[in-house]
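**Q**
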Amino acid sequence: MAAAPPAAPPAAPPAALAAPLIIVKMVAGIAGMVWIALRFPLALYKHGLDLEKVQERAKNDFNRAKLLAEHNAAIAEKRAVDDFTRAKTLADYTAATAAQAERDLLWAKDLAAAKSVLDEAQAERDEGLCPDEGPRQPHGRAHRRRHRSEREYGGGEAEEEKSRETEGEEGGTEVLSDGGAAVDILWLTKDRSS
1 MAAAPPAAPP AAPPAALAAP LIIVKMVAGI AGMVWIALRF PLALYKHGLD
51 LEKVQERAKN DFNRAKLLAE HNAAIAEKRA VDDFTRAKTL ADYTAATAAQ
101 AERDLLWAKD LAAAKSVLDE AQAERDEGLC PDEGPRQPHG RAHRRRHRSE
151 REYGGGEAEE EKSRETEGEE GGTEVLSDGG AAVDILWLTK DRSS
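Sequential numbering of the sequence shown, starting at 1, is according to full-length UniProt numbering.
1) Just the Cα atoms here: how many angstroms apart are T97 and E70?
2) Using the C-alpha atoms, what's the distance from R64 back to A31?
3) When you compare only the Cα positions, how much space is there between residue 216 and T85?
4) Tell me whether L90 counts as near the ligand MG, meaning its Cβ is closer than 7 Å to at least one heavy atom of that ligand.
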């Protein structure tokens with residue numbers, strides 16, 4: 001087979017279209033150069049907008065974190081004040097309870113001492129009555145010691161023994177118990193102090 005003949009070159013544009021094509025190419029080249037020249041400022045402007053957005057976002061995050069920190073600090077302060085008030089109230093209550101317990105203990109000791117005194121006086125009353133004071137007249141320990149000394153030593157020695165027994169016993173007033181027995185107040189004081 002014979003080879004195909006080469007294709008003919010494209011026909012040149014007519015002379016009437018040559019000038020407009022040149023003008024279009026020039027405008028396209030100028031537009032390309034303007035676009036290239038404006039890309040950098042446009043990029044900077046876009047970057048500035050992004051930077052402002054980032055700064056605004058950072059500012060909002062900072063304000064949000066600040067508010068959250070202040071809120072947490074207020075809550076922590078209120079909780080600390082409440083804990084301190086609760087601890088102080090508990091300490092005051094514990095101190096008051098301890099003081100009340102101490103008073104109750106002293107009262108119990110006094111009550112036990114008074115009960116022992118009353119039991120002693122009741123026992124002395126049950127043992128016998130004073131012969132020179134009439135019927136149903138109980139006597140105390142000091143009175144019984146005086147009668148016993150009178151029986152053992154006689155009249156004068158009994159007075160001396162009585163003076164020795166009552167020496168230094170100021171305010172020897174006798175108090176009456178519930179059972180009617182006379183109890184020497186000094187003996188009651190010594191018994192309670194022991």
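Every residue gets a Cβ at the ideal spot worked out from N, C-alpha and C, and that includes glycine.
**A** Judging by the given coordinates:
1) For the purposes of this step, residue 97 is taken as residue 97 along the sequence shown, with counting starting at 1. For the purposes of this step, residue 70 is taken as residue 70 along the sequence shown, with counting starting at 1. Rounded to whole angstroms, T97 to E70 spans 40 Å at the Cα level.
2) Locating residue 31 in the sequence shown gives position 31, where the first residue counts as 1. Locating residue 64 in the sequence shown gives position 64, where the first residue counts as 1. Spanning the two alpha carbons is a distance of roughly 48 Å.
3) Lying outside 1 to 194, the shown extent of the chain, residue 216 is not represented and no answer is given.
4) The ligand MG is absent from the structure shown, which contains no ligand whatsoever.
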